[in-house]
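Structure first, commentary second.
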Amino acid sequence: MNYAVSFLYQSDEFEISVGTNHVFEAQNREEAMKKAATLQKLSDYFSPYYTKTEGDIVFDVMENNYFDQVFVFEYTFYDETKGDYLTVDVGDGKVLSPVMNPACYVKLDRSAFLQCFKEHYPGKEVVTFGSLSYGVEETSAKRR
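Residue numbers (our numbering): 23 to 166.
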């Protein structure tokens, strides 16, 4: 099976899932995650940000030997009106609160995401995204 590493980036309530065209083989998802751990460094070669001039999310990409394309494949917004924050009991009388509620994550298409983003940051010329995590996505793309 072919896999690609995916990266999750955030700016306030906005998240983007980012991928590259670097594809690798693995027997299953568990093996793919182990390989992805060694490929986390791929994110060192690009940085996503929104620029008001372009009205879009763009990437600064450094030359590398792994990929030549970076793209957003999922746009998510944390909509607090969809539910309350959660409280999680972690044991030994310890409680985490507030914890984000998975029911509040709403997937948006690119156009709706960018519109909400512009409204949230009306006076900003450039807004950067911070890296949250990585994972893997199964892909039908072939290795180069």
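Virtual Cβ for every residue (Gly too), placed ideally from N, Cα, C.
Per DSSP, L130 is one residue of the beta strand (DSSP E) stretching across Y127 to L130.
According to DSSP, residue pairing for V121 in a beta bridge involves L108. Distances from the CA of F46 to each of E37, E35 and L64 were compared; the closest alpha carbon is that of L64.
One Cα belongs to V27, the other to S119, and the distance between them is close to 31 Å. Cβ-Cβ distances below 7 Å link N86 to Y67 in the same chain, with the five nearest sequence neighbours on each side left out; the list follows chain order. Considered as a whole, the segment 50-74 harbours 51-61 as its complete alpha helix (DSSP H) runs of no fewer than 4 residues, in chain order. With a contact defined as Cβ atoms closer than 8 Å, Y100 and Y127 qualify at about 6 Å.
About 18 Å separates the CB atoms of F139 and F29; that is not less than 8 Å, and the two are not in contact. Straight-line spacing of the CA atoms in R165 and Y72 works out to 30 Å.
By the beta-carbon neighbour count (other beta carbons within 10 angstroms, threshold 16), S33 is buried.
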